[in-house]
Amino acid sequence: MREALAGTYNRLISAGPAVADRLLSIALDPATKSYAAVSACEAVIRSIERGVLDREMREHIAKLREQMAQLEQGRPIDV
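Add 16 to a position in the sequence shown, counting from 1, and you land on the number used in my numbering.
Below, the structure written as structure tokens:
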């Protein structure tokens with residue numbers, strides 16, 4: 017089951033750029049109905065925000081790991 021989920025996830029990741037292109041074309045097309053354009057724009061913004069938050073969390077976790085390593089070695093940490 018995990019292999020099937022991993023395969024599905026990999027397919028979604030691979031399709032990501034095409035989905036982003038499609039979503040942007042819908043959001044920016046003047047012929048798109050307003051309700052669909054708003055929904056597409058919101059999805060684009062959510063994706064951007066999620067990416068920024070994920071990157072910030074990874075950086076924060078890396079700093080915490082570094083501080084933990086310093087504590088384990090008996091070195092003071094800079095707070």
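We put the CB at the ideal spot given by N, CA and C, even for glycine.
What span of residues does the alpha helix (DSSP H) with residue i cover, start to end?
| i | result |
| --- | --- |
| R91 | Counting along the chain, R91 falls outside any alpha helix (DSSP H), and DSSP gives it neither H nor E. |
| A34 | R18 to L44 |
Decide if residue i is buried, meaning its Cβ has at least 16 other Cβ atoms within 10 Å, or exposed.
| i | result |
| --- | --- |
| A56 | buried |
Would you check if the distance between the CB atom of residue i and the CB atom of residue j is smaller than 9 Å?
| i | j | result |
| --- | --- | --- |
| A53 | I42 | yes |
| A36 | V60 | yes |
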